[in-house]
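Remarks on the structure that follows.
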Amino acid sequence: MAILLLLALPLLLYSPSLSSASDSLTKGSSLLVENTNDLLISPSGTFIAGFFPVGDNAYCFAIWFDEPFCSNNCTIVWMANRDQPVNGKRSALSLLKSGNLILTDAGRITVWATDTVSESSVYLQLQESGNLVLNNSEGDILWQSFDFPTNTLLLLQPLSKDKQLVSSRSQTNYSSGFYKLLFDNDNVLHLLFASPSITSLYWPDPELLVFEAKRSTYNNSRRAYFDPLGNFSSSDKFFSKSADYGANFQRRLTIDSDGNLRLYSREDKRDAWTVSWQAISQPCIIHGICGPNSVCNYVPSSGRNCSCLRGFKMKDVTDWSLGCEPEIKLCSTNETNFLRLTHVQFYGYDYGFYPNYTLDRCKEVCSQRCDCPGFQFRFSKHGNPNNTPYCFVKFRLLNGYRSPSFEDDFYLKVPITIPLYPAPVEESRLHCAVEITKLDRVYTKIPENRTLKFLLWFASIVGAIEFTDCKPDVEGNYDKTQMKILVGVALKCANEDKDTRPTMRQVVEMLLQYEKHNSESVEFTIE
């Protein structure tokens, strides 16, 4: 046993403060990415906070619902560093003595911080509501995760002015996506599509006036939340009830990667989440879902699919949000035709609006413009006189979708070599990448701790001497298996590459092998 203590002593002197699963983190302590038990658990065990794997050797500090066997597919409700994951080694969440909570990468670079300061004692606690709160000794809240939501609202968590929900990039990519839930300057709660090049509102219906959408601009409090019964309401007079209204369920409100806002519920953590309400019932209405120069088509039996327009091809076969690109530049020739697409509409991006224009005149206007890919043509049933023709000349083709309810037609400009008969709508298919893209990071190697190295070598030498002195066999030899175990432990602990050194748990397991072998050996009497 003396050998065990000698080998473990330097490791205990070197190891940082060890953490285990609890609901709080105190000043001066840390959660380490290597320690799988370094977790914060809410008092009743509904939520867990810790390092969550998001890629190859990439981790984010997150909060998720406790679910049996969820592994890497847990229901994430909040992330601190969703757009800047940290390394799977030497990264830590630390509550400094200054009162600041920081997340550091392997190179000791601060990736995320609360930027808080407190002279009194502070502690970080994961509450049963799923709110991660930094309090001081007086009970004041210095920082809380409810004020910085990612893509999900929890029960009674308010979405207020200057706050927003941002979707994930995809179901497996947790970084920030292109869809947002926020209050606009008109005090109305909106869903927004915001890609690097295009921004547009799509909920409530942008073709409706505010009062037609049953909203109000006369309240500047800008606050939205959902209650335990399943009511979702906001200060602009929007109100909805979940399909399971009144039931005592776990609930979450999430803006998904497809741009829809959904209220999920379940009775128990072992149950699957079910959609009890969603903002948009027709998924093709969501802007950007199929990208430019494409058409979204929804079939109840098979769901949503995307297809490129005639004369276009997918820009990236793995991502429909990038849309399609032209196979032939129309401006390279003056010989063009117009392909009629029935029940198809492209919302927005009109170069001009021309009332009382005939179809031939619309074609003439579009033909004269190199940047005109087509035009929408309709007869207004509310004009004066009735059935007045309207022409909407486009300069970009975005938010295209097909619906039997559309009575107007779209005329697509195509080269004269393309036939004008209707083309079948091909179902969209995505091609998965063969290779995994790894995240590149450069880290500065921490200087070797020579004192620790000396202590480890010293412990191994003392252990070897004690073993040969106190465990002689009948012929004056020593047990080679026991000696091999002890020396192996010492050599691994003294490795110059700190990343390859065993953890405390691994050291204990190796030393227990020595104890097991010792107990099974023949007992000798020391004279």
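Per numbering that gives the first Met the number 0, residue 0 is the first one in the sequence shown, and the count goes up by one each step.
No residue lacks a Cβ here, since even glycine has one placed at the ideal position from N, Cα and C.
Keep in mind that this is a model prediction, so the values were computed, not measured.
Quiz item: Where in the region 212-260 do unbroken runs of the beta strand (DSSP E), each at least 3 residues long, occur, reported from the N-terminal end onward?
Solution: 222-225, 230-233, 238-240 and 249-254
Quiz item: Looking at the structure shown, is A1 part of a helix, part of a strand, or coil, going by DSSP?
Solution: The residue you call residue 1 lines up with position 2 of the sequence shown. Only weak support exists for where A1 lies, its pLDDT of 48 falling under 50; the coordinates are left without a value.
Self-check item: Three-state class that DSSP yields for S320 in the structure shown
Solution: Numbered from 1 along the sequence shown, position 321 holds the residue referred to as residue 320. In the structure shown, S320 sits in a helix (DSSP, three-state: H, G or I).
Exercise. Report the residue from G27, F376, L191 and D255 whose alpha carbon sits nearest the alpha carbon of L123.
Key: Position 124 of the sequence shown holds residue 123. For L123, the nearest C-alpha among the options comes from G27.
Quiz item: How should T341 be labelled, buried or exposed, when 16 other C-beta atoms within 10 angstroms of its C-beta is the threshold for buried?
Solution: Taking the first residue of the sequence shown as position 1, residue 341 is located at position 342. Under this definition T341 is an exposed residue.
Quiz item: Does the beta-carbon of N355 have 16 or more other beta-carbons within 10 angstroms, so that it is buried, or is it exposed?
Solution: If you number the sequence shown from 1, residue 355 lands on position 356. Exposed, since its Cβ has fewer than 16 Cβ neighbours within 10 Å.
Quiz item: When you compare each of S275, D270, V298 and R269 to Q281 by their alpha carbons, which one comes out closest?
Solution: Your numbering for residue 281 matches position 282 in the sequence shown. When only C-alpha atoms are compared, the closest one is V298.
Practice problem: State whether the region 258-276 contacts the region 52-69, with contact taken as three or more CB pairs (one from each stretch) at a distance under 8 angstroms. | Solution: Contact between the region 258-276 and the region 52-69 is present, because at least three Cβ pairs lie under 8 angstroms.
Quiz item: DSSP beta-bridge partners for Q83?
Solution: Numbered from its first residue, the sequence shown carries residue 83 at position 84. Bridge partners of Q83: none, in fact.
Self-check item: R339 in three-state terms, based on DSSP
Solution: Looking up residue 339 in the sequence shown gives position 340. Strand at R339.
Quiz item: Taking the beta strand (DSSP E) that S93 falls in, what are its first and last residues?
Solution: In the sequence shown, counting from the first residue as 1, residue 93 sits at position 94. Residues A91 to L94.
Exercise. Could you tell me which uninterrupted beta strand (DSSP E) segments, each at least 3 residues in length, are contained entirely in the region 143-216, listed from first to last along the chain?
Key: 163-167, 175-182, 188-193 and 198-202
Exercise. Taking all protein chains shown into account, decide if R339 is buried (16 or more other Cβ within 10 angstroms of its Cβ) or exposed.
Key: The sequence position of residue 339 within the sequence shown is 340, counting from 1. With fewer than 16 other Cβ atoms within 10 Å, it is exposed.
Quiz item: Going by alpha carbons, who is nearest to V32 out of S23, T25 and A48?
Solution: The residue you call residue 32 lines up with position 33 of the sequence shown. With distances taken between Cα atoms, V32 lies closest to A48.
Quiz item: Are the region 81-98 and the region 40-59 touching, with three or more C-beta to C-beta distances below 8 angstroms?
Solution: Counting Cβ pairs under 8 angstroms, three or more are found: they touch.
Quiz item: Where does the unbroken alpha helix (DSSP H) through L358 begin, and where does it stop?
Solution: Residue mapping note: residue 358 aligns to position 359 of the sequence shown, counting from 1. L358 -> alpha helix (DSSP H) spans L358 to S366.
Quiz item: From the DSSP output, which residues share a beta bridge with I40?
Solution: Residue numbering aside, residue 40 sits at position 41 when the sequence shown is read from its first letter. I47.
Quiz item: Considering only residues of the same chain and omitting the five flanking positions on each side of V165, which have a CB-CB separation below 7 angstroms?
Solution: Taking the first residue of the sequence shown as 1, we reach residue 165 at position 166. Contacts found: T149, N150, S175, G176 and K179.
Exercise. Would you decide whether D37 is buried or exposed? Buried here means 16 or more other CB atoms lie within 10 Å of its CB.
Key: Your numbering for residue 37 matches position 38 in the sequence shown. Buried.
Self-check item: Residues of its chain near E434, where Cβ-Cβ distance is below 7 angstroms and the 5 sequence neighbours each way are ignored
Solution: Here residue 434 refers to the residue found at position 435 when the sequence shown is read from its first residue. Because E434 sits at a pLDDT of 48, beneath the cut-off of 50, its placement in the model cannot be relied upon, and the point is left open.
Quiz item: beta strand (DSSP E) containing A112: first to last residue?
Solution: As a working mapping, residue 112 is identified with position 113 in the sequence shown. Its beta strand (DSSP E) spans residues T109 to A112.
Quiz item: Which first and last residues belong to the beta strand (DSSP E) in which R303 is found?
Solution: The sequence position of residue 303 within the sequence shown is 304, counting from 1. Note, R303: beta strand (DSSP E), G302 to C307.
Exercise. Could you check the C-alpha separation between Q126 and L252 for me, to the nearest Å?
Key: By 1-based counting over the sequence shown, the position of residue 126 is 127. By 1-based counting over the sequence shown, the position of residue 252 is 253. So the two alpha carbons sit approximately 18 angstroms from each other.
Quiz item: How do the region 103-119 and the region 199-211 stand: do at least 3 beta-carbon pairs fall below 8 angstroms, yes or no?
Solution: No, the region 103-119 is not in contact with the region 199-211.
Practice problem: Within its chain, find whatever has a CB closer than 7 angstroms to the CB of G322; leave out the 5 residues flanking it on each side and keep chain order. | Solution: As a first step, residue 322 is located in the sequence shown; it is residue number 323 there, counting from the start. Same-chain partners within the cutoff: C289, G290, P291, N292, S293 and K314.
Self-check item: the region 214-222 / the region 89-103 touching (three or more Cβ pairs under 8 angstroms)
Solution: At 8 angstroms Cβ cutoff, the stretches do not touch.
Self-check item: Three or more C-beta pairs below 8 angstroms linking the region 353-367 and the region 409-420
Solution: Touching, yes.
Exercise. Grab the span of the beta strand (DSSP E) containing S23 for me, first residue to last.
Key: Position 24 of the sequence shown, counted from the start, is the residue given in the question as residue 23. Here the beta strand (DSSP E) through S23 covers S23 to T25.
Quiz item: From which residue to which residue does the beta strand (DSSP E) around T103 run?
Solution: Translated into the one-based positions of the sequence shown, residue 103 becomes position 104. It spans L100 to T103 - the beta strand (DSSP E) in which T103 sits, taken as one unbroken run.
Quiz item: Run through DSSP, which three-state label would C371 get?
Solution: As a working mapping, residue 371 is identified with position 372 in the sequence shown. Coil.
Quiz prompt | Beta-carbon contacts of H286 that lie in its chain and below 6 angstroms, excluding the five residues immediately before and after | solution = Residue mapping note: residue 286 aligns to position 287 of the sequence shown, counting from 1. Same-chain partners within the cutoff: F192, S199, Y201 and N398.
Quiz prompt | Whole-angstrom distance between S402 and E425, CA atom to CA atom | solution = Walking along the sequence shown from the start, residue 425 turns up at place 426. Walking along the sequence shown from the start, residue 402 turns up at place 403. Residue placement at E425 cannot be trusted, given a pLDDT of 48 that sits under 50; what the coordinates show is reported in the next sentence. C-alpha separation (whole angstroms): 16 angstroms.
Quiz prompt | Alpha carbon of P42 to alpha carbon of D22, nearest angstrom | solution = Taking the first residue of the sequence shown as position 1, residue 42 is located at position 43. Taking the first residue of the sequence shown as position 1, residue 22 is located at position 23. When rounded, the distance between both Cα atoms is 6 angstroms.
Quiz item: Nearest-angstrom Cα distance between L232 and F225?
Solution: Your numbering for residue 232 matches position 233 in the sequence shown. Your numbering for residue 225 matches position 226 in the sequence shown. Leu is not the amino acid found at residue 232; the sequence shown has Ser there. Between S232 and F225, the C-alpha separation is close to 6 angstroms.
Quiz item: Is it true that the CB of S194 sits closer than 7 angstroms to the CB of L241?
Solution: As a first step, residue 241 is located in the sequence shown; it is residue number 242 there, counting from the start. As a first step, residue 194 is located in the sequence shown; it is residue number 195 there, counting from the start. Per the sequence presented here, residue 241 reads as Ser, with Leu not at that position. Against a cut-off of 7 angstroms, the Cβ pair of S194 and S241 comes out as no contact.
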